[in-house]
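Here the sequence shown stands for residues 1 to 311, numbered as in the UniProt record's numbering.
We put the beta carbon where it would ideally sit given N, CA and C, even for glycine.
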Amino acid sequence: MKPTAFKKLIEDVGTLSASECIEAKKALRGREQEVQGSLVLREAEDAIKTCPYCDCEHFTKSGVRDGRQRFKCKACSKTFNALTGTPLARLRMAEKHIENAECMVDGLSVAATAERLGVAFTTAFRWRHRFLRSPQKIQPLQLTGVVEADETFFIESFKGQRKGLPRPAKVRGTKAVKPGLSKEQIPVLVARDRSSGATLSAVIASRKAKDIGEKLSPVLSDDCLLCSDGYKAYGVIAKAKGIQSKSVPAKKVAGSYHIQNINSYHSRLKGWMHRFYGVATKNLDNYLGWHRMLDKDNCMDGKTFLNTSFR
Ligand SMILES: [Zn+2]
């Protein structure tokens, strides 16, 4: 927009009625999302280095379709755009992606997201899980220094599944039938590097040393110190890895040895998950990845979330 025209627009704001202000706000918001969405896309276009099909570095621009720049590979002759080969490639209505990302930053339920975006529940659901494919995979490469580790539990859920239920359906939010730990409780491992705050969180098959170790051992640095509540699996893992370990009963502190960071992470995670009234166990890792992202950066905006989602 020309500077003089923009100046005039701002001046005219002073003449708007209350109802016109509401309408103008809506139009501005829509425009802002459109611009931000295309900025993310532009950055992704600039970042393309190779053809997603054959990895060739030589390609040329080949027209624009649906607002997306297309490219043509000189080696395999296939055409592609910035989203080809990413989890978001097959999602239509790219103009809504930034708004969807904002809903995810706000931690909205599928129903609330569908309403805000003006799309069907099933569409919002599909987008959600496509957006979470990348965040789910992003885990710390290494945990160093004092590393706290402990498990937390989520009730097994077959939410959204209509056929082949292994047990009669429950009303959502129902407590576990059996008290304490049982097969109905799905264990989630959380391990946190105390100094950097880097956090691993993952569904584990069981609380056996083998299953905890499978997720935990590869990311522990050789000189770290593993702090746990004394559950024997951690001692087994530390011994196998040849690292130091300390066990302190939960809620106790012995000098710098404690798992308070994990305890508070667990309560943040549980508090955040509460809004979903239980999530299907098969999607739990997606939600853990989503929470990791938001917990790591509490100033995250839609643009950053969207960028991560199609990595
Ligand atoms: Zn190619």
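Going by beta-carbon coordinates alone, are Leu200 and Gln139 separated by less than 8 Å?
It is a contact, given that the beta carbons lie within the stated cut-off.
For the putative contact between Pro52 and Gly85, defined by C-beta atoms under 8 Å, what is the C-beta separation to the nearest angstrom?
Yes, Pro52 and Gly85 are in contact; Cβ-Cβ is about 4 Å, under 8 Å.
Is the region 145-165 touching the region 96-106, taking contact as three or more C-beta pairs under 8 Å?
Because the criterion of three Cβ pairs below 8 Å is not met, the region 145-165 and the region 96-106 do not touch.
Once DSSP output is grouped into helix, strand and coil, what is the label at Thr152?
Strand at Thr152.
Tell me Ala191's beta-bridge partners as DSSP assigns them.
According to DSSP, which records beta bridges pairwise, Ala191 is partnered with Ala149, Leu200.
Just the Cα atoms here: how many angstroms apart are Ser77 and Val105?
Taking the straight line from one Cα to the other gives about 38 Å.
Let me know the secondary structure DSSP gives Phe310 once reduced to three states.
Reduced to three states, the DSSP call for Phe310 is coil.
Measuring from each Cβ to the nearest heavy atom of ligand 1, keep the ones under 5 Å and list them in chain order.
This selection yields Cys51, Tyr53, Cys54, Cys56, Cys73, Ala75, Cys76.
Comparing C-alpha positions only, which one of Phe80, Leu226, Gly230 sits nearest to Ala238?
It is Leu226.
Name the residue from Ile186, Glu148, Ala205 whose alpha carbon lies nearest to the alpha carbon of Val253.
With distances taken between Cα atoms, Val253 lies closest to Glu148.
My assumption, with CB atoms under 8 Å, is that Asp295 sits in contact with Arg268. Please give the rounded CB distance.
Correct: roughly 6 Å between the Cβ atoms.
Alpha carbon to alpha carbon, how far is Glu151 from Arg126?
When rounded, the distance between both Cα atoms is 29 Å.
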